[in-house]
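Novice:
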Amino acid sequence: MPAMAARRYSYPRFLDSQTIRLLKFKTPCSDPDPSVTAGQPCLDVAVFKMESAPPYRALSYAWGPPEDGNDAATYAESEAMSVIIDDEFHDVMPNLFDAIVQMRESYPASYFWIDALCINQTDLHERELHVAIMDRIYHNADEVIIWLGRDTSNSSDVFDLVQRVADLDETFFHSFGYTASPEELVTYGLPDTSTAVWRRYLDLYERRWFSRGWVVQEVVLARKPIAHLGSLKVPWDVMVSGSKIFLPERLRKGFFARLRDVKDIDSLPLGRNAYRIGLIKEACFQRMAQSLLVVEICTGTHGLTSAAHFLVHLLRMSRDFSWGDPRDRIYSMLGLINFTARLHGLPPLDLKPDYSSNSTEATVLTAATQAIIKQSDFLGIIAQVSDPAFRRTQNLPSWVPDWFRSPNFAMGRRNPFDASRHRSNNMLHCQFSGQRLFVKGTRLGTFRGVHRLKMDNDIEHVISMLRIAYKSWFPLGEDRMEVLWRTLIWDIYGHAQETDEHPAPPFLEDSFVSWLYSAVASQSPQMEPAELSTHMAELHAATVPEAKQAGGLDDTRDSLLGTSKLRAALALALHCVEDGSGEAKPPLAPPQADPERFSSHASGVVWAQNLFVTDTGYLGMGPKSSQEGDELWIVAGCPFPMVLRRHVRDGEAWCFVLGRAYVHGVMHGEAVSEETVWEELCLK
């Protein structure tokens, strides 16, 4: 039997960009069919000029199943339910139907604006016009109703907990970033970690609405947004404050990740999208908001000086949202961007939606990236490309970020790095030619050793990491162990505090040694004596700097103090005595510093990263897809060293961009001088 055609309201007239339709509940309902049930919603439609429209509420909702965070999940046509508009049936999907039923109960006399009903979705021209004015529609609404779905589990206790978390001060979140453990939640008057309400708390923030890209504009521009779960409701600002509990590393990774049995935690929003929407709103109304770190990285400007800068911020902060049409990752933000531009007296973004067959996600992203580079006269945006393993957009040039999985950055407030000395010499030479970007660069070296970083307790990983680190010899005169631990955290500490500490404080060295000690000691009880001796010999060999033979490191007590401390701690962890080299004696007791103070901070930085050493002696950390033979470059106008892979095909040479790197000793332009020779590179 063929499927029944969807029933649709017959829209009597076309709307221009100055008029909108509004809906109002009608009681009693004039049933167009005697089979209609008594509870079926009935609505009347009225058309108003934008400037003279009566007070109304706008609905923000997910088109698919509300409890499914996967935006690819959809309803089947057979699941459609009908409402009655001007005495005609109109089919809607269950989540919208549930929202309409609840709105009839909560706000029976109100006018409503609902995109699926107030825009003729079959008229492409009308749809384009009204997508372009959605910023005005949502901003002009008296309230924006955020529909999270029906309450199927009596969630009043969850909403109560949201309010309690929202009332906590900032010291709570700072303590769980560095010292407190999840079990200490009870000391703040919160439920124990074993309480089932925490899983339902996470479920609330993982509902599908929080991953739908269009909701960003709808809520940021709302004058009074209110979240609804069935008949329960809470102000949106409270929801944002309640989401802060997902930010501290020790809670997110040590508690909430376990509730989801998630291993690749850094690649997931895990409740944080509500907070990101809050940051977007802050940036929209405060041009110099502290949350604009990535704008500074990509454009060299801290704050909003053009609409393109705000586009950068939106692309970064909305990376875990999703859209049915991937081009809408940019087009859905245009109203919000231009609203912000008007608010701050800036020119609008010179970009209009193009849904023609020639327009693809790759062409839209490339055009946006070119506009950002041209307006900022800066190449920091190429450091935003994600590792090739995470790129999803087909036919996208390697120098264009797709923003699906942007790289992690250790800093939280400001970018302290300027590897190309762009701030002082302001040198930028770049040209566009189709998918090619021509830049100037100077080569630092070729990868000759690579180790995939993991913050785990595998002794083989420890040995491999140390072996890579002790093959380096730059910066000259610095202990390799100090260079290593500073590299693992980008030499920055404190991204959850008001200011970042750069260079990172020296006390972290003891936490790093404690972490390595605990990693090795956790495995040594299961080892036979011969195996212990073998590992100690390997660790000893790994921590003998090759630089001694090269004359790059002065082998004195001061310059090797950290290495001596490390080797003594590892010897104790393996129940061995030092090998007689005389460099150190085993300590009488295990290291006392808190290992998590280093490891919890480093784990987010080293995610999907490789440790590498170049043939020229540099130690660095870069994308996980990097391999021996890849090259390390300083690119003029880019604040980070870049990892490139050379290609030659049909007589044409170009470089594929793998991603940015941290290289200790070059991040402030130490490798650039007036004598530096700059080569032309083709990025493709």
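Using the UniProt record's numbering, the first residue of the sequence shown is number 1, and each one after it goes up by one. For every residue, glycine included, the Cβ atom is placed at its ideal position computed from N, Cα and C. Keep in mind it's a predicted model, so treat the numbers as computed, not measured.
1. Bridge partners for Pro-623 per DSSP, in chain order?
2. Hey, out of Lys-24, Trp-485 and Ala-636, whose CA is closest to His-429's CA?
3. Among Val-240, Pro-348, Leu-168 and Ser-156, which one has its Cα closest to the Cα of Leu-229?
4. Do the segment 156-169 and the segment 180-192 touch if we need at least three Cβ pairs shorter than 8 Å?
5. Identify whether Met-667 lies in helix, strand or coil by the three-state DSSP scheme.
6. Would you mind stating whether Trp-399 and Val-643 have Cβ atoms separated by less than 7 Å?
7. Take Arg-597 and list the residues in its own chain whose beta-carbon comes closer than 6 Å to its own, dropping the five residues that flank it on each side.
8. Pull up the distance between the alpha-carbon of Ile-137 and that of Phe-112, whole angstroms please.
9. Round the Cβ separation of Arg-272 and Leu-293 to the nearest angstrom and send it over; I've been treating them as touching at under 8 Å.
10. Based on DSSP bridge pairs, tell me the residues matched to Cys-431.
11. What are the start and end residues of each continuous alpha helix (DSSP H) run of 4 or more residues lying completely inside the segment 310-356, in chain order?
12. Taking C-alpha atoms, which residue in Leu-349, Asp-328 and Ser-82 lies nearest to Ile-337?
13. Quick check on Cys-655: does DSSP put it in helix, strand or coil?
14. Taking Leu-232 as the reference, which of Ala-283, Asp-160, Glu-79 and Arg-208 has the closest Cα?
15. Using a Cβ-Cβ cut-off of 7 Å (strictly less than) and excluding sequence neighbours within five positions of Gln-18, which residues of its own chain qualify?
16. Using three-state DSSP, classify Gly-515 as helix, strand or coil.
17. Is the Cβ-Cβ distance between Trp-515 and Tyr-662 less than 7 Å?
18. Report the rounded CA-to-CA distance for Ser-387 versus Pro-623, giving the unit in angstroms.
19. With distances taken from CA atoms, which of Asn-610, Leu-681 and Val-101 is nearest Lys-440?
20. How far does the alpha helix (DSSP H) with Cys-638 in it extend, from its first residue to its last?
21. How many whole angstroms separate the CB atoms of Met-536 and Ala-593, which I take to be in contact at a CB cut-off of 8 Å?
22. Could you pull out every residue in the same chain whose Cβ sits closer than 6 Å to the Cβ of Ala-519, ignoring the five residues on either side in sequence?
23. Which residue comes first and which comes last in the alpha helix (DSSP H) that contains Gly-235?
24. Can you list, in chain order, the residues of its chain whose CB lies under 7 Å from that of Arg-392, leaving out five sequence neighbours each side?
25. Would the segment 194-213 and the segment 114-121 be scored as touching if the rule is three or more Cβ pairs under 8 Å?
26. Please state the DSSP three-state secondary structure of Lys-49.
27. What is the DSSP secondary structure of Glu-183, reduced to helix, strand or coil?
28. Which residue marks the beginning of the alpha helix (DSSP H) containing Phe-112, and which one marks its end?
29. Using a Cβ-Cβ cutoff of less than 7 Å, which residues in the same chain neighbour Pro-94 once the five nearest sequence positions on both sides are dropped?
30. Between the alpha carbons of Leu-437 and Pro-182, how many angstroms are there, rounded?
31. Can you tell me which of Arg-252, Pro-55 and Ala-227 puts its alpha carbon nearest to the alpha carbon of residue 690?
32. Just mark Gly-335 as buried or exposed, buried being the case when its beta carbon has 16 or more other beta carbons within 10 Å.
33. Does the separation of the CB atoms of Arg-443 and Trp-633 fall below 7 Å?
34. Measuring CA to CA, which of Tyr-331, Arg-342, Glu-361 and Ser-357 is closest to Leu-351?
35. Under a Cβ-count criterion, where at least 16 other Cβ atoms within 10 Å of its own Cβ denotes burial, should Ser-673 be classed as buried or exposed?
36. From the DSSP output, in three-state form, read off Asp-554 for me.
Specialist: In terms of the structure at hand:
1. Counting from 1 along the sequence shown, the entry for residue 623 is found at position 623. DSSP, once it has assigned bridges, lists Gln-609 as partnering Pro-623.
2. The sequence position of residue 429 within the sequence shown is 429, counting from 1. Comparing Cα-Cα distances from His-429 to each of Lys-24, Trp-485 and Ala-636, the minimum goes to Ala-636.
3. Taking the first residue of the sequence shown as position 1, residue 229 is located at position 229. Answer by Cα proximity: Ser-156.
4. The segment 156-169 is in contact with the segment 180-192.
5. Within the sequence shown, the letter at position 667 stands for residue 667. In this structure, Met-667 counts as coil in the three-state DSSP scheme.
6. The residue labelled residue 399 in the question sits at position 399 within the sequence shown. The residue labelled residue 643 in the question sits at position 643 within the sequence shown. No, they are not a contact pair.
7. One-based indexing of the sequence shown puts residue 597 at position 597. Ser-511.
8. Looking up residue 137 in the sequence shown gives position 137. Looking up residue 112 in the sequence shown gives position 112. Taking the straight line joining both Cα atoms gives about 11 Å.
9. As a first step, residue 272 must be located in the sequence shown, where it is residue number 272. As a first step, residue 293 must be located in the sequence shown, where it is residue number 293. Distance from Arg-272 to Leu-293 at the Cβ level is roughly 15 Å; contact not present, criterion being Cβ atoms closer than 8 Å.
10. One-based indexing of the sequence shown puts residue 431 at position 431. Sequence check: residue 431 is Gln here, not Cys. Beta-bridge pairing links Gln-431 to Phe-438.
11. Counting only unbroken stretches of 4 or more residues, the alpha helix (DSSP H) elements lying wholly within the segment 310-356 are 328-331 and 334-343, in sequence order.
12. Numbered from its first residue, the sequence shown carries residue 337 at position 337. Answer by Cα proximity: Leu-349.
13. Your numbering for residue 655 matches position 655 in the sequence shown. In this structure, Cys-655 counts as strand in the three-state DSSP scheme.
14. Here the question's residue 232 lines up with position 232 in the sequence shown. Per the C-alpha coordinates, the member of Ala-283, Asp-160, Glu-79 and Arg-208 positioned closest to Leu-232 is Asp-160.
15. Looking up residue 18 in the sequence shown gives position 18. Within the same chain, and ignoring the five residues on either side of Gln-18 in sequence, the residues whose Cβ sits closer than 7 Å to its Cβ are Lys-49 and Met-50.
16. Looking up residue 515 in the sequence shown gives position 515. Inspection of the sequence shows that residue 515 is occupied by Trp rather than by Gly. Helix.
17. If you number the sequence shown from 1, residue 515 lands on position 515. If you number the sequence shown from 1, residue 662 lands on position 662. Their beta carbons are not under 7 Å apart, which means Trp-515 does not touch Tyr-662 by this criterion.
18. As a first step, residue 387 is located in the sequence shown; it is residue number 387 there, counting from the start. As a first step, residue 623 is located in the sequence shown; it is residue number 623 there, counting from the start. Correcting the residue type first, residue 387 is Asp in the shown sequence and not Ser. Each residue's alpha carbon lies about 6 Å from the other.
19. Indexing the sequence shown from 1 puts residue 440 at position 440. Residue Leu-681 is the option with its Cα nearest to Lys-440.
20. The sequence position of residue 638 within the sequence shown is 638, counting from 1. It is not in any alpha helix (DSSP H) - Cys-638 carries neither H nor E in the DSSP assignment.
21. Position 536 of the sequence shown holds residue 536. Position 593 of the sequence shown holds residue 593. Contact between Met-536 and Ala-593 is ruled out by a C-beta separation of about 22 Å, above the 8 Å threshold.
22. One-based indexing of the sequence shown puts residue 519 at position 519. Around Ala-519: Asn-457 and Val-462.
23. Counting from one through the sequence shown, the residue named residue 235 turns up at place 235. The displayed chain sequence assigns Pro, not Gly, to residue 235. Where Pro-235 is concerned, there is no enclosing alpha helix (DSSP H), although the beta strand (DSSP E) it sits in stretches over 232-235.
24. In the sequence shown, residue 392 corresponds to position 392, counting from 1. Excluding positions up to five away in sequence, the list reads Asp-402 and Phe-404.
25. Touching, no.
26. By one-based count along the sequence shown, residue 49 stands at place 49. It is a strand residue.
27. The residue given as residue 183 occupies position 183 in the sequence shown. Three-state result, Glu-183: helix.
28. Counted from its first residue, the sequence shown places residue 112 at position 112. No alpha helix (DSSP H) contains Phe-112, which is instead part of the beta strand (DSSP E) from 111-113.
29. In the sequence shown, counting from the first residue as 1, residue 94 sits at position 94. Excluding residues up to 5 positions away in sequence, Tyr-75, Glu-79 and Met-81 lie with their Cβ nearer than 7 Å to the Cβ of Pro-94 in the same chain.
30. As a working mapping, residue 437 is identified with position 437 in the sequence shown. As a working mapping, residue 182 is identified with position 182 in the sequence shown. So the alpha carbons of these two residues sit roughly 48 Å apart.
31. Summary: the structure shown does not reach residue 690, with the chain confined to residues 1 through 684, and so no result is reported for it.
32. Counting from one through the sequence shown, the residue named residue 335 turns up at place 335. Gly-335 sits buried, since 16 or more C-beta atoms from the chains shown fall within 10 Å of its C-beta.
33. One-based indexing of the sequence shown puts residue 443 at position 443. One-based indexing of the sequence shown puts residue 633 at position 633. Closer than 7 Å, so yes.
34. Taking the first residue of the sequence shown as 1, we reach residue 351 at position 351. Looking at the Cα atoms, Tyr-331 is the closest of the given residues.
35. Counted from its first residue, the sequence shown places residue 673 at position 673. Burial state of Ser-673 is exposed, judged by a 10 Å Cβ sphere holding fewer than 16 other Cβ atoms.
36. Taking the sequence shown and counting its residues from 1, the one referred to as residue 554 is at position 554. With a pLDDT of only 44 at Asp-554, under the threshold of 50, the placement of this residue in the model should not be trusted, and no figure is reported.
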